[in-house]
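First comes the structure, then the notes that go with it.
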Amino acid sequence: ILSIRLNNVTFFYTYEGPPHLQGLSFQLKPGTNIENVKITVKKRLKIRAQIVYADGTPVANIQADLTMRYNGREFGGGGGTHGTDCYTDAEGYFTEYREEPGYYTLTVKFKGFSGGAGPFLLKKDEHPENIVIKLDGNPVVPKRSTGGNKEVDNEKARDIVNKLLNRNNRVRVTRTEVGIPNIRPQAKPEKLVWIINPANGHAYAKISCQDWHDAQRKAIKENSHLVSINDEDEQFWIEAIFGRSHYWIGLNDVEKEGIWQWDSGEPVTYTNWSTREMFSDNAPDTEKDFVATVPIFEGGWQATSPNGHLWQFSRTAIIEQDGLVSKIPKPQDETEEE
Numbered sequence: 008i009l010s011i012r013l014n015n016v017t018f019f020y021t022y023e024g025p026p027h028l029q030g031l032s033f034q035l036k037p038g039t040n041i042e043n044v045k046i047t048v049k050k051r052l053k054i055r056a057q058i059v060y061a062d063g064t065p066v067a068n069i070q071a072d073l074t075m076r077y078n079g080r081e082f083g084g085g086g087g088t089h090g091t092d093c094y095t096d097a098e099g100y101f102t103e104y105r106e107e108p109g110y111y112t113l114t115v116k117f118k119g120f121s122g123g124a125g126p127f128l129l130k131k132d133e134h135p136e137n138i139v140i141k142l143d144g145n146p147v148v149p150k151r152s153t154g155g156n157k158e159v160d161n162e163k164a165r166d167i168v169n170k171l172l173n174r175n176n177r178v179r180v181t182r183t184e185v186g187i188p189n190i191r192p193q194a195k196p197e198k199l200v201w202i203i204n205p206a207n208g209h210a211y212a213k214i215s216c217q218d219w220h221d222a223q224r225k226a227i228k229e230n231s232h233l234v235s236i237n238d239e240d241e242q243f244w245i246e247a248i249f250g251r252s253h254y255w256i257g258l259n260d261v262e263k264e265g266i267w268q269w270d271s272g273e274p275v276t277y278t279n280w281s282t283r284e285m286f287s288d289n290a291p292d293t294e295k296d297f298v299a300t301v302p303i304f305e306g307g308w309q310a311t312s313p314n315g316h317l318w319q320f321s322r323t324a325i326i327e328q329d330g331l332v333s334k335i336p337k338p339q340d341e342t343e344e345e
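In the numbering used here, the protein residues as written are 8 to 345.
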């Protein structure tokens, strides 16, 4: 509602002050009869999207966590992040209304799965259509039992085994020997979930790692490289999809001190250095050769040495597939020796 006109008096909606004081406020005497009321409204900006599982099945009739991040500077506004709950219908659709025009990126989390969409433009008379948020997994369907559960009679089993063995050498089987072997399961290989950035067509994935070097080795195995962030839009998209946390990126100055370069070989056209050092590092700047993101300060970047706290905390990395592969940097002194 923009305004309400009662006879010759018009009340205007105000956006000033805290939310609980915004709106239209006026008083009418009991029994007052008012005719010819004119209410002026503005059509709100609408986002309608569908949430589906990785196999395309709609995520129907659920409540999920929704994060909307927008950038409205092009339209004279600001930017920010808004978190809320969304509720899907029988076909997996939900609708949200916004006041601010700009570029929006959506992130949905539901039962351990996550997915995202955007950035897309939302403004007057231009509402995006066919927004689909695909989660990075499928629901686990419990298997139906084909018969009743049979309890194993361990005492009876031991007796049968002992009788068979005693026929030969009367070796008695102990309780421990008859039980299920205690075999330590092998660690399953990490399953990568690649997410396509519609703005550039590149694929991105988050991996677990021990440090920057380990992350680079894993990137090379995937025929990819540590992520190269080339502009603000790409930074914005990565934060929206993977969240703000400690993760390694490809920026380093190993080969030449003070000359930062991406391990993909791409030129450095954009930086997002943190304005504050979140993790202390007593090493000199000449030893801070590797870069990770920090979870606050707008997802800023911070250089660290192998002895820094950020090095110890960063156990994930973002890798990128775009046809380029990581190049292992050689320290300057090694290059000079060659």
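Where is the CB? At the ideal position from N, CA and C, for every residue including glycine. On a predicted model such as this, the values are computed, not experimentally measured, just so you know.
Collapsed DSSP secondary structure at K53 in the structure displayed: Counted from its first residue, the sequence shown places residue 53 at position 46. If DSSP states are grouped into helix, strand and coil, K53 belongs with the strands.
In three-state DSSP terms, what is T293? Numbered from 1 along the sequence shown, position 286 holds the residue referred to as residue 293. T293: helix per DSSP, three-state reduction.
Starting from the Cα of D238, find the closest Cα among E273, S252, K263 and give me that residue. Translated into positions along the sequence shown, residue 238 becomes position 231. If you compare the alpha carbons of E273, S252, K263 with that of D238, the shortest gap goes to E273.
Nearest-angstrom Cα distance between V332 and S231? As a working note, residue 332 is residue 325 in the sequence shown. As a working note, residue 231 is residue 224 in the sequence shown. Computed Cα separation, rounded: 5 Å.
Expressed to the nearest angstrom, what Euclidean distance is found between the alpha-carbon atoms of G85 and N207? Within the sequence shown, residue 85 is the residue found at index 78, counting from 1. Within the sequence shown, residue 207 is the residue found at index 200, counting from 1. CA-CA distance, G85 to N207, rounds to 24 Å.
Who are M75's beta bridge partners in DSSP? Along the sequence shown, one-based indexing puts residue 75 at 68. Partner(s): H89, L113.
In its own chain, which residues sit with a C-beta less than 7 Å from the C-beta of A97, not counting the 5 before and 5 after it? Counting from one through the sequence shown, the residue named residue 97 turns up at place 90. So the qualifying residues of the chain are A67, N68.
Under 7 Å between the Cβ atoms of G122 and V115? Position 115 of the sequence shown, counted from the start, is the residue given in the question as residue 122. Position 108 of the sequence shown, counted from the start, is the residue given in the question as residue 115. The Cβ atoms of G122 and V115 sit closer than 7 Å to each other.
Cβ separation of Q70 and D92, assumed to be a contact under 8 Å, to the nearest whole Å: To locate residue 70, count along the sequence shown from 1; it is residue 63. To locate residue 92, count along the sequence shown from 1; it is residue 85. Going by Cβ atoms, the distance from Q70 to D92 rounds to 5 Å, so yes, they are a contact pair.
Shortest alpha-carbon distance to A210 belongs to which of H220, I248, K130? For the purposes of this step, residue 210 is taken as residue 203 along the sequence shown, with counting starting at 1. With distances taken between Cα atoms, A210 lies closest to I248.
Using C-beta distances below 6 Å, list every residue in its chain close to E158, excluding the 5 sequence neighbours before and after it, in chain order. One-based indexing of the sequence shown puts residue 158 at position 151. For E158, the predicted model reports a pLDDT of 44, less than 50, meaning its position is unreliable; a value from the coordinates is still stated below. For E158, where only same-chain residues beyond five positions count, there are no Cβ hits under 6 Å.
When you compare each of K50, T88, F286 to D132 by their alpha carbons, which one comes out closest? The residue labelled residue 132 in the question sits at position 125 within the sequence shown. Ranking the options by Cα distance to D132, first place goes to K50.
Starting from the C-beta of W318, find all residues in its chain whose C-beta is less than 6 Å away, skip the five residues before and the five after it, and write them out in chain order. Taking the sequence shown and counting its residues from 1, one reaches residue 318 at position 311. Excluding positions up to five away in sequence, the list reads T311.
Would you list, in sequence order, the uninterrupted beta strand (DSSP E) runs of no fewer than 3 residues that lie entirely inside the segment 196-266? Within the segment 196-266, the complete beta strand (DSSP E) runs of at least 3 residues are 210-215, 254-259.
Compare the C-beta of R105 with all C-beta atoms of chain C and state if any pair is closer than 7 Å. The chain inventory of the structure shown lacks chain C, comprising one protein chain alone.
Spell out the partners DSSP gives K130 in its beta bridges. The residue labelled residue 130 in the question sits at position 123 within the sequence shown. E133, per the DSSP bridge assignment.
Tell me, which residues are paired with S10 by DSSP? As a working note, residue 10 is residue 3 in the sequence shown. S10 pairs with F19, T47.
By Cβ distance below 8 Å, which residues in the same chain neighbour K130 in space, the five residues on each side in sequence not counted? For the purposes of this step, residue 130 is taken as residue 123 along the sequence shown, with counting starting at 1. So the list reads L52, F82, P108, G109, once near-sequence residues are dropped.
For the beta strand (DSSP E) containing W308, list its first residue and its last residue. Looking up residue 308 in the sequence shown gives position 301. Segment 308-311, the beta strand (DSSP E) holding W308.
Mind checking whether N145 and D72 have CB atoms under 7 Å apart? The residue labelled residue 145 in the question sits at position 138 within the sequence shown. The residue labelled residue 72 in the question sits at position 65 within the sequence shown. By the CB criterion at 7 Å, N145 and D72 fall outside the cutoff.
8 Å CB neighbourhood of Y60 in its chain, flanking five on each side removed: Walking along the sequence shown from the start, residue 60 turns up at place 53. The beta carbon of Y60 lies closer than 8 Å to those of V66, F120, K141, L142, G144, N145, P146 in the same chain, with the five residues before and after it left out.
Do T5 and R55 have their CB atoms nearer than 7 Å? With the chain covering only 8 through 345, there is no way to say anything about residue 5.
Look at the Cβ atom of A226, then the Cβ atom of I326, and state whether they are nearer than 7 Å. Sequence index remark: in the sequence shown, residue 226 carries index 219 (1-based). Sequence index remark: in the sequence shown, residue 326 carries index 319 (1-based). For A226 and I326, yes; Cβs fall inside 7 Å.
Measuring only the C-alpha atoms, how far is S321 from F286? The residue labelled residue 321 in the question sits at position 314 within the sequence shown. The residue labelled residue 286 in the question sits at position 279 within the sequence shown. Between S321 and F286, the C-alpha separation is close to 11 Å.
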